[in-house]
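Trainee: Residue numbers (the numbering used here), protein chains in the order written: chain E, 9 to 237; chain Z, 367 to 630; chain Y, 111 to 329. C-beta: ideal position from N, C-alpha, C; glycine also. Given the structure is predicted, the values throughout are model-derived calculations rather than measurements.
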C-alpha cells in the first residue's frame with residue numbers, strides 16, 4: 009500500500025502522497041484559495057477604472073499580486089496542522105531525511121494551490137483583455153514563480169510555528185522576500201507585451217526556481233527542527 | 367552529543383562569554399560614542415557649510431549627507447547582523463545572537479531615516495515626496511526585512527528558540543538582499559520614463575565625498591556605541607538568573623555611584 | 111587487547127535541561143540496559159517530557175551526553191531515528207484519515223511495509239478492528255490511544271521512549287500496553303516510559319524520579 013519511506017526519494021514521495029490525500033479530503037479549503045484569487049482580480053477594476061487600455065497594462069501586476077496573496081492564504085496550513093497533532097514531530101524523528109519529507113509537503117502544496125492558480129491565469133487574463141500569447145506568458149511566469157513562493161512560504165511558515173501573530177506575521181516575512189519573484193513574474197508579461205520578449209525574465213525565474221529547490225529543503229528542515237526545540 | 371557550558375577560555379574566546387564581555391562592552395561605549403559625536407560634527411560641518419552649493423539643486427541637496435550614509439549603514443548593518451546570526455547558529459553562541467538582536471533596531475532606524483531624508487530631498491527638488499527609484503525601493507524592502515526579524519523575535523516566547531528562528535530568517539534575508547536589489551534596479555531601469563533618480567546625485571566634488579565619508583564613519587561609530595549599550599541591557603535581561611549579573615551590576619554600580627551616575 | 115564490551119542500552123551522563131528560563135534538572139545520570147526498562151516519575155512540570163525529548167533529540171540539553179549502545183548518539187541521524195521510537199503527548203495521527211490509513215502511513219514512515227493482513231492483525235490486536243475504517247477524528251480518546259499501541263506492536267525498534275502512553279487507556283488497554291512492553295523487552299529492547307500509573311508488566315521497571323528540587327535518582 010504505502011512504500012516504506014526510508015530514503016530521500018521514498019520520503020519525498022511519502023510526504024507528497026500523504027499531503028495530496030489530505031488536501032483532497034478538504035477540497036473546500038482549496039476552492040477558497042482559488043475563489044480568493046478571482047475575487048482579488050475582480051476588485052481592481054472596481055477600485056481603479058474599467059478602462060480596457062488601463063486594465064490591459066496593469067493586468068500582469070494584478071494577476072501576480074492576487075496570486076501572491078492567494079498563496080499566502082494556504083501557507084499557514086502547510087505545517088501548522090501537522091505541528092498541532094504531532095505528526096510533524098514524528099517526521100522530524102523519522103529515518104527518512106527531513107529535507108526530503110519537507111520537500112514532499114511543499115511539492116504537494118504547490119500541486120494543490122499553485123497549479124490551480126496557473127490554470128486560472130487565463131481567466132484573469134481574459135478579465136483584463138490580455139492577448140492570448142500574453143496570457144501564455146503569464147501562465148508560464150506563474151508556473152515558474154508559484155513554486156518559488158511555495159518555498160519562501162514554507163521557510164516562513166516553519167519559522168512561525170509556535171509563534172504568536174499567525175498569518176499576519178507570515179505575510180510580513182514572506183512578502184519582502186517575494187519582491188524579486190513579483191518583479192520578474194509580472195515583468196515577464198509586460199516585457200512580452202511591449203515587444204522585448206520575456207526570455208530574460210523567465211530565465212531568471214527559472215534560475216530562482218532552481219535556487220529555491222536547492223536551498224529550500226535544507227532551510228525549511230532547519231526551521232522545522234528549530235520549531236521543535 | 368556533548369554540549370558543555372561556556373567555559374572561560376584564553377585569548378579572544380574569553381569574550382564569547384557574556385560575563386566577560388559585559389564589562390568590556392561597558393568600557394568601549396564611551397570611546398565610540400565620542401568618536402561618533404566628533405565625526406558627525408565634522409561631517410555635518412562639511413556637509414552644511416563647507417561643501418559648495420550645487421548649481422542645479424541648490425541647498426536642499428545637502429540632505430544627502432544624511433540620506434546616503436544612512437542607506438549604506440542600513441545595508442551594512444544587515445550584513446553584520448546576518449554574520450552574527452550565522453555565528454550563533456554555527457557555534458550555538460548566545461552572545462552572537464544577542465548582538466544580532468541588538469543590531470536590528472539600529473539598522474531599522476537607519477533604513478527609516480534614509481527613507482525620510484529621501485522624501486525631504488525629493489520634495490523641494492522634484493516636487494514629490496516619494497520616488498520609486500532603485501535605492502529608495504530597496505531600502506524600503508530592507509526596512510520590511512528588519513521589521514520581520516524584530517517581529518519574529520518578539521513573537522516567540524522561548525529566547526533561545528527566538529534566537530535560532532530569527533537567525534535563520536536573517537540568513538535567508540541576507541541571501542535575498544542582493545537579489546532584491548538587483549531585481550529592483552532592473553525594474554527601475556526598465557520603467558525609466560522620467561530621469562528622476564536619487565542615484566543620479568550631483569557630481570561629487572571632493573569636499574562632498576569627504577563629508578559623506580565622515581558621516582558614514584560617524585554612523586558606524588554610533589551604531590557600535592548604541593549596539594554595545596543595547597546588548598548590555600539584553601544580557602542583563604536574559605541572563606538575569608546567572609550569578610555574574612548581580613556582581614557585574616554591583617561593581618559598575620559602585621563605580622558609577624562614585625562618579626555620580628546611576629547604575630544600569 | 112580486547113575492548114571492554116560496550117554497554118548495550120541507553121545512558122545519559124550529567125544531563126541538564128531547561129524549559130524557557132527555568133532549569134529543570136542538572137547532572138542527571140541514567141542507565142537502562144537492553145532487555146530492561148525504566149519509568150520516569152515525578153510531579154507535573156518536573157521535566158519528564160523534556161527529558162524524553164532531549165534523549166530523542168528534539169530538544170537541546172544545556173549540558174551532558176546521551177549514549178546509545180556504547181557510542182554517543184547523534185541526534186538527527188538516520189541510524190538513531192531507526193533505532194529510537196518516540197511517542198509524545200501529541201498522538202501523532204491525522205484526524206482526516208481513517209485509523210487504518212493512519213497506521214499504514216506511520217508504518218511506512220517508520221520504514222516498514224506491512225502487508226494488509228499485518229495491518230488488520232495489528233488493529234485487531236488493540237481492539238480497533240471495527241473502527242479501522244472510521245475517520246480518526248470520530249474515535250474516542252481511548253480508541254485514539256490504542257492506535258499508538260498498534261504502532262508499537264508493528265515496531266521492531268530497539269529503544270522506546272514513551273511519554274504517558276497509558277493516558278485514557280482502560281484496564282484492557284493497560285494490559286495490552288504491558289504485554290507489548292514485555293514482548294519488546296524479551297526481544298532485548300530498551301524502554302523509558304514516563305507514566306503516572308503502574309503498568310502490569312512482568313518485569314519490574316527501574317524508577318527514575320524527577321523532583322521539584324531538580325534532582326534525580328539513578329536507575
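By the 9 Å beta-carbon criterion, what residues does the region 130 to 155 of chain Y contribute toward chain Z?
Mentor: 130, 131, 132 and 133
Trainee: Within the 7 Å Cβ cut-off, does residue 530 of chain Z reach chain E?
Mentor: yes
Trainee: Suppose you measure from the CA of residue 116 of chain Y to the CA of residue 177 of chain Y; what does that come to, to the nearest Å?
Mentor: 10 Å
Trainee: Give me the subset of the region 492 to 525 of chain Z whose CB atoms are less than 9 Å from a CB atom of chain Y, sorted by chain position.
Mentor: 523, 524 and 525
Trainee: Three Cβ pairs or more, each shorter than 8 Å: is that satisfied between the region 217 to 233 of chain Y and the region 290 to 299 of chain Y?
Mentor: no
Trainee: Does DSSP put residue 243 of chain Y in a helix, a strand or coil?
Mentor: coil
Trainee: Please decide whether residue 260 of chain Y counts as near chain B, where near means a Cβ-Cβ distance under 7 Å.
Mentor: Chain labels in this structure do not include chain B; the protein chains are E, Z and Y.
Trainee: Does the beta carbon of residue 237 of chain E sit closer than 7 Å to a beta carbon anywhere in chain Y?
Mentor: Yes - at least one Cβ of chain Y is within 7 Å of the one on residue 237 of chain E.
Trainee: Quick check: the Cα distance between residue 217 of chain Y and residue 505 of chain Z, rounded to an integer number of angstroms?
Mentor: 50 Å
Trainee: Rounding to the nearest angstrom, what Cα-Cα distance links residue 460 of chain Z and residue 134 of chain Y in this structure?
Mentor: 19 Å
Trainee: In the structure shown, what three-state DSSP assignment does residue 313 of chain Y receive?
Mentor: coil
Trainee: Which residue comes first and which comes last in the alpha helix (DSSP H) that contains residue 409 of chain Z?
Mentor: Under the DSSP assignment, residue 409 of chain Z falls in the alpha helix (DSSP H) whose first and last residues are 384 to 411.
Trainee: For residue 312 of chain Y, count neighbouring Cβ atoms within 10 angstroms of its own Cβ and tell me buried if that reaches 16, exposed if not.
Mentor: That one is exposed.
Trainee: Would residue 222 of chain Y pass as an interface residue toward chain E - the criterion being a Cβ-Cβ separation below 7 Å?
Mentor: yes
Trainee: With distances taken from CA atoms, which of Z:595, Z:401, Z:470 and Z:451 is nearest residue 510 of chain Z?
Mentor: When Z:595, Z:401, Z:470 and Z:451 are compared, the shortest CA-CA separation from residue 510 of chain Z is found for Z:470.
Trainee: If you compare alpha carbons, which of Y:180, Y:128 and Y:206 is closest to residue 162 of chain Y?
Mentor: Y:128
Trainee: By the criterion of Cβ-Cβ separation under 9 Å, what are the contact partners of residue 34 of chain E in chain Y?
Mentor: For the C-beta of residue 34 of chain E, the chain Y residues within less than 9 Å are, from N- to C-terminus, 206.
Trainee: Quick one: which chain E residues come within Cβ less than 9 Å of residue 489 of chain Z?
Mentor: Neighbours of residue 489 of chain Z on chain E: none; closest Cβ ~26 Å, over 9 Å.
Trainee: Using only the alpha-carbon positions, how far apart do residue 201 of chain E and residue 188 of chain Y sit?
Mentor: When rounded, the separation of the alpha-carbon atoms in residue 201 of chain E and residue 188 of chain Y is 51 Å.
Trainee: Give a yes or no on whether 7 Å exceeds the smallest Cβ distance from residue 210 of chain Y to chain E.
Mentor: no
Trainee: Below 7 Å between beta carbons is the criterion; list the residues of the region 187 to 204 of chain E that meet it against any residue of chain Z, in chain order.
Mentor: 187, 188, 191, 192 and 195
Trainee: Hey, is residue 460 of chain Z's beta-carbon within less than 7 Å of any beta-carbon in chain E?
Mentor: no
Trainee: Note the first and the last residue of the continuous alpha helix (DSSP H) segment covering residue 197 of chain Y.
Mentor: Run containing residue 197 of chain Y: none in the alpha helix (DSSP H); it sits in the beta strand (DSSP E), 194 to 197.
Trainee: If we cut at 7 Å on Cβ distances, does residue 549 of chain Z have a partner in chain E?
Mentor: By this cut-off, residue 549 of chain Z is an interface position.
Trainee: List the endpoints of the continuous beta strand (DSSP E) containing residue 139 of chain Y.
Mentor: 132 to 143
Trainee: Is there at least one Cβ from chain Y nearer than 7 Å to residue 20 of chain E's Cβ?
Mentor: no
Trainee: Alpha carbons only, please: which of Y:148, Y:149 and Y:123 is nearest the one belonging to residue 139 of chain Y?
Mentor: Y:123
Trainee: Check each candidate in Y:264, Y:279, Y:274 and Y:241 and name the one with the smallest Cα separation from residue 251 of chain Y.
Mentor: Y:279
Trainee: In chain order, which alpha helix (DSSP H) runs of at least 4 residues are fully inside the region 214 to 292 of chain Y?
Mentor: Complete alpha helix (DSSP H) runs here, min 4: 226 to 235 and 251 to 264.
Trainee: Check whether the Cβ atoms of residue 148 of chain Y and residue 315 of chain Y lie closer than 7 Å to each other.
Mentor: Yes, the Cβ-Cβ distance between residue 148 of chain Y and residue 315 of chain Y is below 7 Å.
Trainee: Could you say if the region 183 to 195 of chain E and the region 153 to 172 of chain E meet the contact criterion of at least three C-beta pairs nearer than 8 Å?
Mentor: yes
Trainee: Using DSSP's beta-bridge definition, name the partner residues of residue 1 of chain E.
Mentor: The displayed coordinates of chain E run from 9 to 237. Any statement about residue 1 of chain E would go beyond what the structure contains.
Trainee: Can you tell which of Z:497, Z:502 and Z:455 has the C-alpha that lies nearest to the C-alpha of residue 477 of chain Z?
Mentor: Z:502
Trainee: Check the Cβ-Cβ distances between residue 30 of chain E and every residue of chain Y, and say whether any is below 7 Å.
Mentor: It does: the Cβ of residue 30 of chain E has a partner Cβ on chain Y nearer than 7 Å.
Trainee: Are the C-beta atoms of residue 173 of chain E and some chain Y residue less than 7 Å apart?
Mentor: no
Trainee: Hey, is residue 535 of chain Z's beta-carbon within less than 7 Å of any beta-carbon in chain E?
Mentor: Judged by the 7 Å Cβ criterion, residue 535 of chain Z is in contact with chain E.
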